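According to mature numbering (1 follows the signal peptide of the UniProt record, and there is no 0), the sequence shown holds residues -16 to -1, 1 to 290 in order. Just so you know, even glycine gets a beta-carbon here, dropped at the ideal spot from N, CA and C. Quantities reported herein were computed from a predicted structural model and do not represent experimental measurements. What follows is a short report on a single structure.
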Amino acid sequence: MVIIILSFLLLTRAFAQKNTVCTLYTKSVYTLVIPPILAGDRKPVNTSLCLSKSQKLIVGGTKAEPKEFPHMVAVGYNTGSGIDWGCGGTLVSESFVLTAAHCTFSSNSGFAEWIRVGDLNLRQTTDDAKPQDRKIIKRIHHPSYQASSHYHDIALLKTDIPVNFDSWVRPACLPTARSLEYTGKAIATGWGKVDWNDEEGSNTLLKVTLPVMPPGTCNQTFNGNTINSKLVYGIVDDWQICAGEEGKDTCQGDSGGPLVIPDAANDCMYNVIGVTSVGRLCGTIIPGVYTRVYYYLSWLEEEIWG
């Protein structure tokens, strides 16, 4: 009985912690403004600084608007001649980025060394963006991750100094319940390829709304595909999410990026429910596979907030 009560208290504290942190992050998007009224009592009101959520709920994707996905992160690798922004990620606190474990190292460029937040077009300085670059000082794989498989493909990147929150930069919330995922659709974002045959990714951040697929259906689509060599147990529902349809998918370069749903309680915030892990062919009937964030909450909380 004591163990049951203690477990309940720990779960309650964890639930409260996630909600409290997310609520605090939400405050960064409000400012007190005195309405421009010529007469009467002019009292300051809380006004949101964020872009209203798009309801047009990257292959098949469209361009993201400035400030629309302030949690979006580009993960970079030193190439000798510059930085290759080869993976994506999700800002989850001032100093931590959530990404795929396989994104922490590139066979071509070595370890991930940089993150960039607040950007829209990675190759322009005239867009409505306010990028911040930070050096990665720590790469933390989930302890069950092995490079030989696609399971537990989740990691955290710690920055040398915290990022500054503003209208362009704000974390996503961690999901407080798995039930949040059952909305039917979710939004993926990234700078990845818009076609499998493209040599480079998109310069501009793209967004796409994807249907979430039942695990049984997902497993059927992977039958007979060589990708199964790294999915020996098939799609494991506790660990993974399938999403996508023909013509809409995440593609190479989108790896590590977020799969999100709007947060119902906190305006301008998103819940990150998945981390882009693997896909067979961009935009085909084979869906993308995302690491299910909710399964790893205890580990994430311990690493981020300790």
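Where does residue i sit, in a helix, a strand or coil, going by DSSP?
{"i": "Lys51", "result": "coil"}
{"i": "Trp98", "result": "strand"}
{"i": "Cys157", "result": "strand"}
{"i": "Ile288", "result": "helix"}
{"i": "Asn148", "result": "coil"}
{"i": "Ser132", "result": "coil"}
{"i": "Asn30", "result": "Summary for Asn30: the model assigns pLDDT 49, below 50, so the residue's position carries little reliability, and this model does not support an answer."}
What does DSSP give as the partner residue(s) for residue i in the beta ladder?
{"i": "Met197", "result": "Cys226"}
{"i": "Ser65", "result": "Partner(s): none; Ser65 has no beta bridge."}
{"i": "Tyr217", "result": "Tyr217 pairs with nothing; no bridge assigned."}
{"i": "His125", "result": "Ala139"}
{"i": "Tyr274", "result": "Ile225 and Thr260"}
{"i": "Lys169", "result": "Pro195"}
{"i": "Ala58", "result": "Gly72 and Arg100"}
{"i": "Thr205", "result": "For Thr205, which the question treats as bridged, DSSP gives no partner whatsoever."}
{"i": "Ser90", "result": "Gly94"}
{"i": "Arg118", "result": "Ile99"}
{"i": "Asn255", "result": "Cys157 and Ile245"}
{"i": "Thr46", "result": "Lys191"}
Which residue from the options puts its Cα closest to that of residue i?
{"i": "Ser90", "options": "Cys6, Thr63, Thr143 and Pro115", "result": "Thr63"}
{"i": "Ile219", "options": "Ser261, Trp98, Ala248 and Trp289", "result": "Ser261"}
{"i": "Thr193", "options": "Arg162, Gly228 and Val216", "result": "Gly228"}
{"i": "Ser132", "options": "Leu215, Asn250 and Asn255", "result": "Leu215"}
{"i": "Val59", "options": "Gly174, Glu287 and Arg154", "result": "Gly174"}
{"i": "residue 318", "options": "Val57, Tyr280 and Gly272", "result": "Because the chain in this structure spans residues -16 to 290, residue 318 falls outside the shown range and cannot be described."}
{"i": "Glu97", "options": "Glu286, Gly72, Asn105 and Trp152", "result": "Gly72"}
{"i": "Lys122", "options": "Trp283, Pro246, Glu49 and Thr143", "result": "Thr143"}
{"i": "Ser239", "options": "Lys47, Pro50, Glu49 and Val57", "result": "Val57"}
{"i": "Asp68", "options": "Cys87, Val244, Gln224 and Glu78", "result": "Cys87"}
{"i": "Gly94", "options": "Pro115, Val277 and Ile120", "result": "Ile120"}
{"i": "Val147", "options": "Val256, His125 and Thr74", "result": "Thr74"}
{"i": "Gly168", "options": "Thr188, Ile225 and Ala139", "result": "Ile225"}
{"i": "Ser77", "options": "Ala85, Ile257 and His55", "result": "His55"}
With 16 other CB atoms within 10 Å as the buried threshold, where does residue i fall?
{"i": "Leu8", "result": "exposed"}
{"i": "Asn92", "result": "exposed"}
{"i": "Ile18", "result": "Bear in mind that the predicted position of Ile18 carries a pLDDT of just 49, short of 50, making it unreliable; the figure below should be weighed with that in mind. Classification for Ile18: exposed."}
{"i": "Lys191", "result": "buried"}
{"i": "Ile145", "result": "exposed"}
{"i": "Tyr274", "result": "buried"}
{"i": "Thr201", "result": "exposed"}
{"i": "Thr109", "result": "exposed"}
{"i": "Phe53", "result": "buried"}
{"i": "Ala248", "result": "exposed"}
{"i": "Tyr217", "result": "exposed"}
{"i": "Gln130", "result": "exposed"}
{"i": "Thr46", "result": "exposed"}
{"i": "Gly102", "result": "buried"}
{"i": "Asp137", "result": "buried"}
{"i": "Arg107", "result": "exposed"}
{"i": "Ala156", "result": "buried"}
{"i": "Val29", "result": "Only weak support is given to the placement of Val29: the predicted model assigns it a pLDDT of 47, under 50, and the question is left unresolved by the model."}
I need the boundaries of the beta strand (DSSP E) containing residue i, first residue and last residue.
{"i": "Leu104", "result": "No beta strand (DSSP E) contains Leu104, which DSSP labels as neither H nor E."}
{"i": "Pro242", "result": "Pro242 to Pro246"}
{"i": "Thr83", "result": "Phe80 to Thr83"}
Please decide whether residue i counts as near chain C, where near means a Cβ-Cβ distance under 9 Å.
{"i": "Ser91", "result": "Absent from the structure: chain C. Only one protein chain is present."}
What residue range is occupied by the uninterrupted alpha helix (DSSP H) comprising residue i?
{"i": "Leu189", "result": "Unbroken run through Leu189: none, as it is neither H nor E."}
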